[in-house]
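All remarks here apply to the structure that follows.
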Amino acid sequence: MLEIITFSLLNGVVYGLLLFMVSSGLTLIFSMMGVLNFAHASMFMLGAYFSYQISRWIGFWPALVIAPLLVGAIGAAAERFGLRHVHRQGHVAEILFTFGLAYLIVEFVVMVWGRNPIENQVPATIDFPLFTLFGTRYPFYKGLMTAIALAMFAFLYLAFRRTRLGLVIRAALTHPQMVSALGHDVPRIFVLVFAIGSALAGLAGVIGGFALLTEPSMAQALGPIVFVVVVVGGLGSISGAFIASMLIGIVQTFAVALDYSLLDLLRLVRVAVPPDSPFYEISAIKIAQAAPLIPYLLLVAMLIVRPRGLLGTRET
Amino acid sequence: MTRGDDIGVPSRAPEVVLRQWTTSYRVWLGAASVLLVLPFFPGLGSDFSRSLLSQMGIAAVFALSYSLLLGQTGLLSFGHAVYFGLGAYAGIHLMRAINAGLPVPMPLVPIAGAAAGLAFGMLFGSLTTRRAGVVFALISLGVGELVLAAMRMVQGFSGGEEGITADRGAGPHVFGLTFASQLEIYYVIAFWAVLSAALMVAFLRTPVGRMCNAVRDNAERAEFIGYDPVRVRFIAFSVAAMFAGLAGGLHALNYEIVAADAVGPARSGAVLLMAYIGGVANFLGAILGAVVITWLQVSLSDYTTAWQLYLGLFFMAVVLFAPNGLAGLLLMHVRLFRTGAWIAVLKAYAIAAVPAGALVAGAVALLEINYRRATQPEAGPQLKLFGVTMDTSTPWPWLAASGLVIFGLVALRRSWPLVTAAWRHAGDETRRRGEARS
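If you want it as structure tokens, here you go:
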């Protein structure tokens with residue numbers, strides 16, 4: 012029992028950190044520019060594919076640096092040559108642009124690497140156990156992932172709270188005219204924010220690509236959960252995103268380990284549901300099966316109880 | 042703002058023109074009679090084309106309901122297929138009940154779909170419509186994923202990925218009609234499509250419908266004159282969900298099978314593409330988008346496996362260059378044609394068409410070569426494109442295609458000012474004539 016709890020907790024934390032790495036860039040872009048970036052999970056996917064390709068050419072450690080930079084450059088180009096032009100048509104047009112971009116990135120990935128999953132294995136340089144617990148080895152790359160995620164959190168927090176650039180970026184969100192009147196190039200700040208956000212997603216992809224199956228549908232699989240994290244944490248709050256990621260990561264990992272259903276609970280209180288009753292099918296669903304539902308149920312519950320999210324300061 | 046106004050053609054806004062069209066009974070009678078004789082047009086007599094027409098009809102109702110949401114009320118949803126899919130499930134379960142002996146005629150099945158759509162629309166709408174804009178978009182996405190995950194879980198009800206089936210032919214026969222043939226089902230779909238379109242136009246002309254537009258344009262002002270925007274959004278959302286459910290019921294009737302992907306995000310994305318490519322500013326756009334995209338889906342997938350890529354590029358082109366969609370472009374040209382200043386514009390188009398054609402041909406060639414290499418390596422290096430057989434293992438096809446793209450891009454940049462100048466000239470001309478008359 013202790014073994015299950017320890018490993019569920021460890022895996023939950025790692026999954027939560029993965030969610031945080033992806034959602035931090037998304038919440039950064041959203042809070043700075045008010046743009047809901049549907050292509051964000053696609054940037055994560057590009058990070059995974061790029062690192063796979065670059066690792067094959069020149070090794071893993073250079074890939075860890077080059078792949079996020081490449082993804083950041085793609086993000087900057089998307090902002091400069093696409094998003095900026097639809098900006099004046101309002102937020103709906105911006106969302107639709109990123110939605111279309113996500114669609115095209117999937118097709119691009121299919122065109123270059125094919126439809127089937129690629130063998131994105133943990134490279135030999137980081138494939139060794141970090142420690143052994145209950146006879147099970149805990150891999151080093153998960154430890155690396157934890158370190159990178161925590162470093163990312165510290166970087167974002169300090170960069171935006173403690174540096175001059177962060178001050179200018181925060182001011183550019185609420186008072187763009189004033190900031191540009193003071194001599195700052197606001198459009199360039201937006202390109203920079205988009206590039207940083209995308210690069211963070213790309214970095215998450217390099218590390219997270221090992222934990223998930225690297226295939227063209229991985230963006231579609233991860234994207235909605237990342238959106239849930241951003242809403243539950245509170246739109247635009249980095250700390251909120253961190254807490255929400257850990258919450259969803261841990262809860263979902265524990266749920267997968269639970270092999271009980273409503274039927275078992277009812278049996279415990281001596282209520283029998285006959286197999287031909289219309290409620291039998293619903294009550295026979297195991298918690299483990301219902302695990303994919305949990306983030307979305309959390310989203311709905313959060314909207315009823317606290318619409319602004321855990322640490323959000325505003326309603327919209 | 043319409044694009045026509047941007048470049049100076051002074052005329053009535055397309056919405057006004059369309060409102061006059063849609064309220065004229067002659068237009069409705071005309072549309073109904075066209076639909077009546079359409080399956081007997083030369084070339085449309087086969088079961089395949091009648092099935093395509095039926096698909097277009099279903100897509101049109103679905104896209105219209107989406108246009109009611111996005112275009113008229115300003116709610117961008119990424120989960121509209123939830124109501125379509127649940128309506129389809131209600132329809133297929135009613136059909137199974139009819140197969141088992143329930144005395145209900147098959148053409149009434151869409152009513153069950155509409156009822157399910159309305160019920161779930163009210164249930165989820167009461168939660169999601171509290172906010173508009175970006176947050177609404179996010180939540181609609183979450184609800185879509187929630188319902189898809191739930192549907193995959195209740196296999197007995199939904200049939201999972203394989204789906205559940207029913208037989209539309211096994212039910213009470215009305216006036217000797219069995220509804221088993223594609224022609225009969227086409228007429229059922231056409232009837233429901235015209236009725237839904239008329240009802241949606243009628244809804245927009247009620248005070249609530251007008252308030253939807255007011256809430257879209259400025260929720261705060263709508264509140265000042267005494268209307269609760271949340272309530273208005275809720276009503277619009279429920280009505281849109283009802284018609285999406287009706288489209289789902291038609292889907293069940295047409296295909297006789299419904300699977301879990303009917304509620305999924307792919308279908309929600311597809312209806313968004315249809316409505317937006319067609320143009321969400323008016324109802325004509327949704328119908329146009331549904332017809333064009335359905336046709337593209339069916340016909341492009343015959344020619345190329347990369348059709349989704351082309352659809353995505355088409356969508357991006359509309360988002361970037363034609364925010365009013367195909368309908369906006371169409372209405373712009375209808376107005377131009379009426380002013381009589383269209384010859385100069387046509388000439389400019391003819392000049393710009395050469396580089397545009399080169400650009401498209403080069404891009405298509407590049408995409409096809411790449412796509413073939415990545416997804417069908419077993420097909421070998423020989424590729425036949427535009428009637429030309431090429432060997433993709435040599436660099437020549439790549440160089441030729443890249444050359445076409447570069448030439449097209451450069452030449453298009455240089456010739457496009459001709460087109461905008463011709464449009465500006467046409468606008469000036471019309472204005473001068475208008476002044477001379479008055």
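Sequence lines, in order, name chains U and C. The first sequence begins at 12 in my numbering and counts up by one. The second sequence begins at 42 in my numbering and counts up by one. For every residue, glycine included, the Cβ atom is placed at its ideal position computed from N, Cα and C.
State the start and end residues of the unbroken alpha helix (DSSP H) segment that holds residue i.
{"i": "M194(C)", "result": "G174 to M194"}
{"i": "P79(U)", "result": "F71 to A89"}
{"i": "R102(U)", "result": "Checking the sequence, you will find His at residue 102(U) rather than Arg. Taken as a continuous stretch (DSSP letters only), the alpha helix (DSSP H) holding H102(U) covers H102 to W124."}
{"i": "H134(C)", "result": "A122 to N140"}
{"i": "N259(C)", "result": "It is not in any alpha helix (DSSP H) - N259(C) carries neither H nor E in the DSSP assignment."}
{"i": "S309(C)", "result": "P306 to G319"}
{"i": "P436(C)", "result": "Per DSSP, P436(C) belongs to no alpha helix (DSSP H) and is neither H nor E."}
Secondary structure at residue i, three-state DSSP: helix, strand or coil?
{"i": "T185(U)", "result": "helix"}
{"i": "V215(C)", "result": "strand"}
{"i": "P270(C)", "result": "helix"}
{"i": "A463(C)", "result": "helix"}
{"i": "E470(C)", "result": "helix"}
{"i": "G45(U)", "result": "coil"}
{"i": "E130(U)", "result": "coil"}
{"i": "E226(U)", "result": "coil"}
{"i": "M12(U)", "result": "coil"}
{"i": "G86(C)", "result": "coil"}
{"i": "P146(C)", "result": "coil"}
{"i": "R278(U)", "result": "helix"}
{"i": "Q417(C)", "result": "coil"}
{"i": "L246(U)", "result": "coil"}
{"i": "N365(C)", "result": "coil"}
{"i": "R199(U)", "result": "helix"}
{"i": "P248(C)", "result": "helix"}
{"i": "F81(C)", "result": "helix"}
{"i": "L350(C)", "result": "helix"}
{"i": "T38(U)", "result": "helix"}
Can you check whether the C-beta of residue i is within less than 8 Å of a C-beta belonging to chain C?
{"i": "G208(U)", "result": "no"}
{"i": "Y307(U)", "result": "yes"}
{"i": "H98(U)", "result": "no"}
{"i": "R95(U)", "result": "no"}
{"i": "A104(U)", "result": "yes"}
{"i": "I85(U)", "result": "no"}
{"i": "G244(U)", "result": "no"}
{"i": "L304(U)", "result": "yes"}
{"i": "S250(U)", "result": "no"}
{"i": "R126(U)", "result": "yes"}
{"i": "T327(U)", "result": "Residue confidence for T327(U) is low, a pLDDT of 44 falling below 50, so the modelled location carries little weight and cannot support an answer."}
{"i": "Y114(U)", "result": "yes"}
Tell me the residue span of the beta strand (DSSP E) that contains residue i.
{"i": "T430(C)", "result": "V429 to D432"}
Does the CB of residue i have a neighbour CB from chain U at under 8 Å?
{"i": "G320(C)", "result": "no"}
{"i": "R308(C)", "result": "no"}
{"i": "L354(C)", "result": "yes"}
{"i": "Y412(C)", "result": "yes"}
{"i": "G204(C)", "result": "no"}
{"i": "T345(C)", "result": "no"}
{"i": "L450(C)", "result": "no"}
{"i": "R44(C)", "result": "Residue confidence for R44(C) is low, a pLDDT of 35 falling below 50, so the modelled location carries little weight and cannot support an answer."}
{"i": "R209(C)", "result": "no"}
{"i": "T247(C)", "result": "no"}
{"i": "M194(C)", "result": "yes"}
Would you kindly work out how many angstroms separate the C-alpha atoms of residue i and residue j, rounded to a whole number?
{"i": "Q263(U)", "j": "R172(U)", "result": "32 Å"}
{"i": "A389(C)", "j": "V451(C)", "result": "16 Å"}
{"i": "Y351(C)", "j": "G204(C)", "result": "29 Å"}
{"i": "L159(C)", "j": "S65(C)", "result": "28 Å"}
{"i": "E14(U)", "j": "G286(C)", "result": "48 Å"}
{"i": "R454(C)", "j": "D343(C)", "result": "33 Å"}
{"i": "S42(U)", "j": "F205(U)", "result": "11 Å"}
{"i": "Y168(U)", "j": "H51(U)", "result": "20 Å"}
{"i": "S456(C)", "j": "V395(C)", "result": "10 Å"}
{"i": "G112(C)", "j": "S222(C)", "result": "36 Å"}
What does DSSP give as the partner residues of residue i in its beta bridges?
{"i": "L426(C)", "result": "V429(C)"}
{"i": "K297(U)", "result": "S272(U)"}
{"i": "T143(U)", "result": "R148(U)"}
{"i": "V299(C)", "result": "I205(C)"}
Tell me whether residue i, by its Cβ, gets closer than 7 Å to a heavy atom of the ligand SAM.
{"i": "F164(U)", "result": "Looking for the ligand SAM in the displayed structure turns up nothing, as the structure carries no ligands at all."}
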